[in-house]
Amino acid sequence: YYLYADVIPWDHPYHPDSYDTSIHLFRSTNAENWEYRGEVIDKGAPGEWTASGIATPGACLFDGRVYVAYSVRGNRDGSGHRFIGVSVADDPAGPFREVPELRIVPGGVDYSKISPTLLLDDPCLVGCNADGSGPGDEMLGIYYRQSLNDYSDPKNRGRALDYGIRCKFSVDIREGWSDSQLVLAAKDGKVVEAADARWIDGRLVMIVLGYSEGEMSIYVSSDSRNFVPAVPHLLESYLDIFMPAACFRLPGFIPDADGRVRHMTTPGDIDDEGHYTQWVYRITCK
């Protein structure tokens, strides 16, 4: 098992926020005991577009290669726009190289402007068949959170202009992504983030965070484009291990070779010094 995560040292001035970070690798033989393997995708040298840090990675195996998508920070302190980059490797441990054709940087965005701010974040990669079913190796899909916030008036405290989960697809990596499609719109203007997307028993299951009070909603799709609510709709209906810590509500699901999700990883709590603890649970997914 391989797990990619943004890592920030405990003595870093931005800890525990994932600003000015890079992507690191952990490896396990049982999905429960993890070995740290070091940095695999760096944040780029000064002047490069990833120099301010990359975070919130999502990975998948597609056509025999490992693809990792990540959010590219606009500034080291987390301010500014965020866009999405994708790197690929023949081995889970790398070496990785960025795929420029798969960058998601909307046209007409001025990096120098802070208000309004465009955030592309939380990318999830999946492999699909040509008709959108899956899993498959004919088409690569990416799901990500897109939000537009207005910080021009301090009283707004970041007024949400647009929130939603969008997707893009690529049949030929060299030709880049298709146009974006809105697959899930935020309800009542609330923040919404993509937590994870995995094929389970022929359906694409997406976990979405934060529709109203921070709950995690479940949506399913058979064609990777049209999503309907699961029944029950909330992940809390299936799990009884939740705690009041807000950071606990960012799960990642680890499937076995047969496609069954038997482990869930999540930040579990914060100690008195502000250090996150990463937890792994053994679960039964039906």
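Residue 201 in the numbering used here sits at position 97 of the sequence shown, and the numbers go up by one each step. All C-beta atoms, glycine included, are put in the ideal place defined by N, C-alpha and C.
- In this model, residue 333 and residue 272 are separated by some 21 Å (Cα to Cα).
- Under the Cβ criterion (8 Å, minimum of three pairs), the stretch 299-307 counts as touching the stretch 357-374.
- With respect to residue 172, residue 108 sits close: the two C-beta atoms are nearer than 8 Å.
- Contact between the stretch 325-340 and the stretch 235-245 is present, with at least three C-beta pairs closer than 8 Å.
- DSSP places residue 179 in no beta strand (DSSP E); its state is neither H nor E.
- When DSSP states are grouped into helix, strand and coil, residue 270 belongs to the strand group.
- Minimum Cα-Cα distance from residue 209 among the listed residues 187, 182, 250, 146 corresponds to 187.
- Taking the Cβ atoms as the reference, residue 220 lies roughly 6 Å from residue 252, within the contact range of under 8 Å.
- In terms of Cβ geometry, residue 323 and residue 295 do not form a close pair [threshold 8 Å].
- Sequence-distant partners of residue 265 (beyond 5 residues in either direction) whose C-beta falls short of 7 Å from its own C-beta, in its chain, are 220, 252, 253, 254.
- The C-beta separation of residue 155 from residue 162 comes to about 21 Å, leaving the pair out of contact by the 8 Å criterion.
- Looking from the CA of residue 326, the closest CA among 368, 363, 232, 311 belongs to 232.
- Nearest to residue 206 by C-alpha distance, out of 249, 140, 274, is 274.
- Counting along the chain, no beta strand (DSSP E) covers residue 361, and no H or E run does either.
- For residue 340, the closest of 285, 141, 142, 313 by C-alpha to C-alpha distance is 313.
- Put simply, the backbone Cα of residue 133 is about 37 Å away from that of residue 150.
- With respect to the C-alpha of residue 128, the residue from 121, 160, 115, 136 having the closest C-alpha is 160.
- Here residue 177 is not near residue 191, since their CB atoms are 8 Å or more apart.
- For the set 385, 116, 228, 361, the Cα lying nearest the Cα of residue 369 is the one of 385.
- With respect to the C-alpha of residue 143, the residue from 196, 320, 211 having the closest C-alpha is 196.
- In this structure, the CA atom of residue 363 is about 14 Å from the CA atom of residue 387.
- Between residue 126 and residue 146, the C-beta gap is smaller than 8 Å, which places the two residues in contact.
- Residue pairing by DSSP puts residue 140 in a beta bridge opposite 130.
- A straight line joining the alpha-carbon of residue 383 with that of residue 181 spans about 26 Å.
- In the three-state reduction of the DSSP assignment, residue 297 falls in the strand class, which pools E and B.
- A distance of 8 Å or more separates the beta carbons of residue 282 and residue 224.
- Listed as beta-bridge partners of residue 377 by DSSP are no residues whatsoever.
- When the Cα atoms are used, residue 179 and residue 249 turn out to be separated by approximately 19 Å.
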